[in-house]
Every structure is written in structure tokens, then in C-alpha cells.
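Position 81, counted from 1, in the sequence shown is what my numbering calls 82; the numbers after and before it change by one each time, with no gaps.
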Amino acid sequence: MSLLRVIPIVAVSASGTCAAADTIALPSGIEAQFLDVITDAPGMGIAHRYRFVSPSLTPDRDYVTTEADMAHLCVSYALPRVETAEPRPEAIVITLADRPVPFGATDPEAVQFFEAYTPQGTDCLWRDF
Numbered sequence: 002m003s004l005l006r007v008i009p010i011v012a013v014s015a016s017g018t019c020a021a022a023d024t025i026a027l028p029s030g031i032e033a034q035f036l037d038v039i040t041d042a043p044g045m046g047i048a049h050r051y052r053f054v055s056p057s058l059t060p061d062r063d064y065v066t067t068e069a070d071m072a073h074l075c076v077s078y079a080l081p082r083v084e085t086a087e088p089r090p091e092a093i094v095i096t097l098a099d100r101p102v103p104f105g106a107t108d109p110e111a112v113q114f115f116e117a118y119t120p121q122g123t124d125c126l127w128r129d130f
């Protein structure tokens with residue numbers, strides 16, 4: 002049986018935006034808001050999925066810039082929060098989207114990026130899905 006837990010941390014308004022107090026500046030110059038964290042135990046171990054929203058995302062955004070932003074979210078936001086998690090996750094998945102999308106749902110209009118990392122010490126190491 003799969004254990005799936007969604008922990009919403011910020012309120013999303015009717016317009017689909019997140020609370021301004023939860024804004025995170027990214028290396029590329031755009032800002033993201035933390036949406037929620039989903040914890041589960043997939044076939045390859047425990048994973049924490051940190052989901053963020055940035056209305057500034059566009060479909061033509063280059064991968065190198067986006068990956069740097071996502072690695073920053075992993076190291077500066079997710080990693081400090083999993084340090085005390087019991088059991089500690091084997092993977093951190095970062096989702097960056099231009100709008101909130103329900104977990105597991107599809108939205109053909111949404112721009113979404115996903116990256117998986119292995120927490121190791123004070124760093125997030127990129128990993129294949």
C-alpha cells in the first residue's frame with residue numbers, strides 16, 4: 002500500500018497565486034512561491050516532492066537556467082527541511098510550475114519542470130528519474 006501525504010503550507014487564493022510572504026528569489030532573477038510538499042514511499046525509497054509556483058515561467062525557458070533555479074530550491078529550501086525528517090528521504094523532487102496544478106493531474110496549458118535530487122550532506126545531487 003502506498004503512503005501519500007500532502008502537506009499544504011501556504012494558502013492559494015482564488016486567482017491561483019500564493020502568499021507573498023513565501024516568495025523565494027531564484028538565481029535567474031524570477032521569484033517562486035512554495036506551494037506544498039508531498040511525501041510518499043515509491044518503489045525506490047522515500048521521496049519528498051517540493052512544489053513551487055512561478056507565474057514568470059514560460060514554455061521557451063532554457064533548461065540550464067531552469068535547472069539552476071531548481072537546484073537552488075533544493076539546496077536552500079528543501080534540504081534544510083529534510084535534515085530532521087524521520088526517516089530521511091532518499092530523493093527530493095522539485096517541481097516548478099507557472100500555476101498550481103493538483104498533484105497527479107494534467108494541465109496542458111501549464112508550464113511545469115521536474116527534477117530529482119539525492120540529498121547528500123549539504124548538497125543536492127542530480128539524479129535520473
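In this text, a Cβ means the ideal position worked out from N, Cα and C, and glycines have one as well.
- Mapping DSSP to helix, strand and coil, what is residue 82? helix
- Indicate whether the contact test is met: 3 or more Cβ pairs, each with one atom in the stretch 48-64 and one in the stretch 97-109, closer than 8 angstroms. yes
- Check the DSSP bridge columns for residue 73 and list the partner residues they point to. Partner(s): none; residue 73 has no beta bridge.
- Task: Give me whichever residues DSSP pairs with residue 120 in a beta bridge.
- Result: Residue 120 pairs with 125.
- Per DSSP, which one or two residues make a beta bridge with residue 66? DSSP output for residue 66 lists no bridge partner at all.
- Message: Within a Cβ cutoff of 6 angstroms, which residues of the same chain sit near residue 96, ignoring the five residues on either side of it in sequence?
- Response: Listed in chain order, the non-local C-beta contacts of residue 96 below 6 angstroms within the same chain comprise 52 and 115, local neighbours out to five positions each way being set aside.
- From 88, 44 and 60, residue whose alpha carbon lies closest to that of residue 109: 60
- Under 8 angstroms Cβ to Cβ from residue 111, same chain only, skipping five residues before and after it: list those, please. 98, 99, 100 and 102
- Task: State buried or exposed for residue 24, treating a residue as buried only when at least 16 other CB atoms are found within 10 Å of its CB.
- Result: exposed
- Look up residue 54 in the DSSP assignment and give the residues it is bridged to. 34 and 98
- Should residue 120 and residue 80 be called a contact, given that it needs their Cβ atoms to be closer than 7 angstroms? yes
- Message: I believe residue 94 touches residue 117 by the beta-carbon criterion, under 8 angstroms. Please report the beta-carbon distance rounded to the nearest angstrom.
- Response: 5 angstroms
- Query: Between which two residues does the beta strand (DSSP E) harbouring residue 26 extend?
  - Reply: Residue 26 -> beta strand (DSSP E) spans 24-26.
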